[in-house]
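To keep things clear, I will list the structure first and then write my remarks on it.
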Ligand SMILES: *Cc1c(COP(=O)(O)O)cnc(C)c1O
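Numbering (the numbering used here), first residue to last: 28 to 457.
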């Protein structure tokens, strides 16, 4: 099965992964939050610092992106209940508790979870450069950074990133809005409309015939030879990670507003689609900080690209790829077509992730159509990965009858209508 890793030849989980058998993996290394949190390498203060930075930038975001004004320039998404979807899913297996959808699919600016980390890292960079110029202080009105003086300053710098699509979209739109020269290295599976939208924003798109890891590596090398070029590193960036983590800190207030209480008797189960790991890892970190052991975080991956499950369960992290166990890393789930997980995130979160599971592309399509049909909500295929989670853990203890299941919908609102139609045609209703 794998020549490079003979020690895995009798590994049951790897066998199931390599035959693309959907599976649920409860993480045996998961520790109580109080212990697990000490191993992450970041603290609550780091996430609060990120939240405050986003607050400082809120007036600028509101000015530049009218769709963000309803929340005063804070990039945050709604939580909605999906009773018809819950009813439909409950026909397919035990589902206790109540099902909710976190609509990062409808985040302003780039319509995906990447509007959290990607945009945050661009803002962090802009703030650093502005402060270093001596012409700006943290007490100033951040809208000044949209004026020609600062646009020219930022225009002297390049930002490079490798992406399967959504990260490029977030960094490209935000970077170009501030005046940076942005270069996005796209993997071969990136959608044409995402490339076009970036070019419409004067972003340079470089297409690669290879997969995501190669696109990232190319971006890294371009930047390494140019001192005026910053590389946003999806595989190693703590800034991205902290940008995502802010979501977790905001959740208690959001749930309280909906009258949802979270405590050990009323656990919150969160299902997060996972690509390289930064998005779900960061959000899960923030959630564990906010709720401790009352929250459980599960990562969801396509059967063709289960890089995080593979890395965590074997302990090999980024040293092993899904290709090493004979998988092709081809999936309709855009942001999840990642063959090698971030070792940084895998190690940081190894004792805080409650479990991982896989599901097939066909199942993603079926769930996409079911949500469209039952709730008239349109997501991109990757965003449905979380929807299978409540069924996997539905067989667990009856304590879950008071659970809140939160499916993290990670993208979809910017998918062009014709493309969405083609996606929906791939699904089957039960
Ligand atoms: C990027 C992405 C994810 C996963 O985020 P990672 O940081 O790559 O793990 C999930 N869903 C969508 C739609 C994405 O674009």
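Beta carbons: idealized from backbone N, C-alpha and C, even for Gly.
What you are looking at is a predicted structure, and each value in this text was computed from that prediction instead of being measured.
- Setting aside the 5 residues that flank it on each side, residue 283 has no residue in the same chain whose C-beta is closer than 7 Å to its C-beta.
- Between ligand 1 and the CB of residue 193, the shortest heavy atom gap is smaller than 6 Å.
- For residue 256, the three-state secondary structure derived from DSSP is strand.
- Burial is judged here by how many other beta carbons sit within 10 angstroms of a residue's own beta carbon; residue 403 has fewer than 16 and is exposed.
- Only residues of its own chain outside the window of five on either side were considered, and among them 300, 360, 361, 362, 363, 437 and 438 have a CB closer than 7 Å to the CB of residue 409, listed in chain order.
- Remark: fewer than three beta-carbon pairs, one from each stretch, lie closer than 8 Å, so the stretch 344-357 and the stretch 167-182 are not flagged as touching.
- The three-state reading of DSSP puts residue 159 in helix, counting H, G and I together.
- Here the alpha carbon of residue 394 sits roughly 45 Å from the alpha carbon of residue 157.
- Here the distance from the Cβ of residue 145 to the nearest heavy atom of ligand 1 is not below 6 Å.
- With respect to residue 311, residue 338 sits apart: the two C-beta atoms are not nearer than 7 Å.
- In this structure, the C-beta of residue 149 stays at least 6 Å away from each heavy atom of ligand 1.
- Within 10 angstroms of the beta-carbon of residue 240 lie 16 or more other beta-carbons, which makes it buried.
- Under the three-state reduction of DSSP output, residue 183 falls in the coil class, being neither helix nor strand.
- Out of 401, 207, 205 and 138, the CA that lies nearest to the CA of residue 407 is found in 138.
- The continuous beta strand (DSSP E) containing residue 126 extends over residues 125-130.
- Remark: C-beta atoms of residue 433 and residue 297 approach each other more closely than 7 Å.
- Any heavy atom of ligand 1 counts here; residues with a Cβ closer than 5 Å to one of them, in chain order, are 139, 193, 300, 301, 302, 303, 304, 305, 306, 362, 409, 437 and 438.
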